Amino acid sequence: MSQEEFNLLRSRFPKPHERYSNYIKHLDSSLCPLDKSEFNDLKKLFSIPYETYAEHNNRLKSYFKEPLSLENFRIEKSLRVLVGESFVDHVVRIIDIFYGANENTNYTPEVIGQLVNQGMESLEMDNFIDHMLTYPFNYDSFEKFCWRQENKFKAETDPLVKTYLWYSRMKNLLPKLSDDSIEDYQKRVKKDELELPYPGESLSTFKSRTEPKDSKGFSNSNIKYFNKLMSR
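Mapping of the sequence shown onto full-length UniProt numbering: position 114 corresponds to residue 114, and the numbering continues sequentially without gaps.
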């Protein structure tokens with residue numbers, strides 16, 4: 001098998017961060033696409049945003065499958081849309097991960113298009129919004145959250161999203177009325193296992209990721225705005 005044939009056949013598999021509609025859209029026309037159930041089954045082999053590495057390891061072993069390595073797990077998690085992240089920050093962060101952050105980093109539409117074709121669909125605005133809408137709102141009940149997922153994404157609801165575990169862990173990352181400042185918010189979410197160091201992460205990277213400017217995109221003004229909305 002040549003390198004070209006290998007790459008072509010490998011492209012038939014889903015990418016960690018793409019949905020079925022975009023998988024069909026970008027698949028080479030010479031290949032027969034997976035059906036939706038096959039696609040969803042294969043997606044379960046990747047990481048889930050709320051998972052710790054221990055949970056991922058146990059889940060994959062329950063399928064009798066090989067878990068991701070620590071490094072691949074860390075990379076997959078870093079490429080997902082973060083709660084509270086702006087579209088511009090997301091695009092810059094993802095391109096920097098792929099190409100390295102330096103003064104010559106190229107953020108052109110051509111570079112973005114190449115990454116979209118590699119499965120990074122969240123680099124397109126409409127897809128980014130859809131990914132962000134899979135997170136609960138502050139005022140959501142679990143029932144309302146599931147209702148919105150069902151109506152918004154009826155054609156391709158992610159079965160891993162409509163779970164209480166997803167809902168509760170993602171909602172915990174949103175500001176609460178008790179968070180009077182960004183420091184209060186950070187102190188609370190750092191207690192959550194999602195804010196523990198990622199596997200293979202250095203101390204400097206962890207500190208940088210959990211500083212106010214990178215703490216899921218929230219600032220003091222964001223906290224006050226969310227609290228104002230919740231008090232209505």
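The C-beta atom is built at its ideal place from N, Cα and C for all residues, glycine as well. In this text the structure is predicted, and so the values were computed from the model without any measurement.
Mapping DSSP to helix, strand and coil, what is residue i?
{"i": "residue 113", "result": "helix"}
{"i": "residue 29", "result": "coil"}
{"i": "residue 125", "result": "helix"}
{"i": "residue 17", "result": "coil"}
{"i": "residue 48", "result": "coil"}
{"i": "residue 83", "result": "coil"}
{"i": "residue 178", "result": "coil"}
{"i": "residue 186", "result": "helix"}
{"i": "residue 133", "result": "coil"}
{"i": "residue 139", "result": "coil"}
{"i": "residue 205", "result": "helix"}
{"i": "residue 22", "result": "helix"}
{"i": "residue 193", "result": "In this predicted model, residue 193 has a pLDDT of only 48, less than 50, meaning its place in the structure is not dependable enough to derive any value."}
{"i": "residue 40", "result": "helix"}
Starting from residue i, trace the alpha helix (DSSP H) both ways and give me its first and last residue.
{"i": "residue 59", "result": "53–62"}
{"i": "residue 35", "result": "Residue 35 -> no alpha helix (DSSP H), and no H or E assigned at all."}
{"i": "residue 88", "result": "87–99"}
{"i": "residue 68", "result": "No alpha helix (DSSP H) contains residue 68, which DSSP labels as neither H nor E."}
{"i": "residue 10", "result": "3–10"}
{"i": "residue 151", "result": "142–152"}
{"i": "residue 171", "result": "164–171"}
Roughly how many whole angstroms lie between the Cα atoms of residue i and residue j?
{"i": "residue 174", "j": "residue 83", "result": "8 Å"}
{"i": "residue 152", "j": "residue 1", "result": "42 Å"}
{"i": "residue 123", "j": "residue 64", "result": "33 Å"}
{"i": "residue 188", "j": "residue 161", "result": "23 Å"}
{"i": "residue 53", "j": "residue 78", "result": "13 Å"}
{"i": "residue 75", "j": "residue 91", "result": "16 Å"}
{"i": "residue 37", "j": "residue 72", "result": "24 Å"}
{"i": "residue 88", "j": "residue 66", "result": "35 Å"}
{"i": "residue 106", "j": "residue 125", "result": "18 Å"}
{"i": "residue 138", "j": "residue 171", "result": "7 Å"}
{"i": "residue 176", "j": "residue 185", "result": "8 Å"}
{"i": "residue 131", "j": "residue 81", "result": "7 Å"}
{"i": "residue 263", "j": "residue 165", "result": "The structure shown does not extend to residue 263, since the chain spans only 1 to 232, so no value can be given for it."}
{"i": "residue 102", "j": "residue 127", "result": "27 Å"}
{"i": "residue 14", "j": "residue 43", "result": "7 Å"}
{"i": "residue 193", "j": "residue 149", "result": "At residue 193, the pLDDT of 48 sits below 50, so the modelled position is not reliable and the matter cannot be decided from this model."}
{"i": "residue 12", "j": "residue 20", "result": "12 Å"}
{"i": "residue 16", "j": "residue 27", "result": "15 Å"}
{"i": "residue 31", "j": "residue 133", "result": "31 Å"}
{"i": "residue 45", "j": "residue 18", "result": "14 Å"}
{"i": "residue 35", "j": "residue 56", "result": "25 Å"}
{"i": "residue 140", "j": "residue 169", "result": "13 Å"}
{"i": "residue 129", "j": "residue 61", "result": "33 Å"}
{"i": "residue 39", "j": "residue 23", "result": "9 Å"}
By the 10 Å Cβ neighbour count, where 16 or more other Cβ atoms means buried, how is residue i classified, buried or exposed?
{"i": "residue 25", "result": "exposed"}
{"i": "residue 94", "result": "buried"}
{"i": "residue 6", "result": "exposed"}
{"i": "residue 179", "result": "buried"}
{"i": "residue 121", "result": "buried"}
{"i": "residue 47", "result": "buried"}
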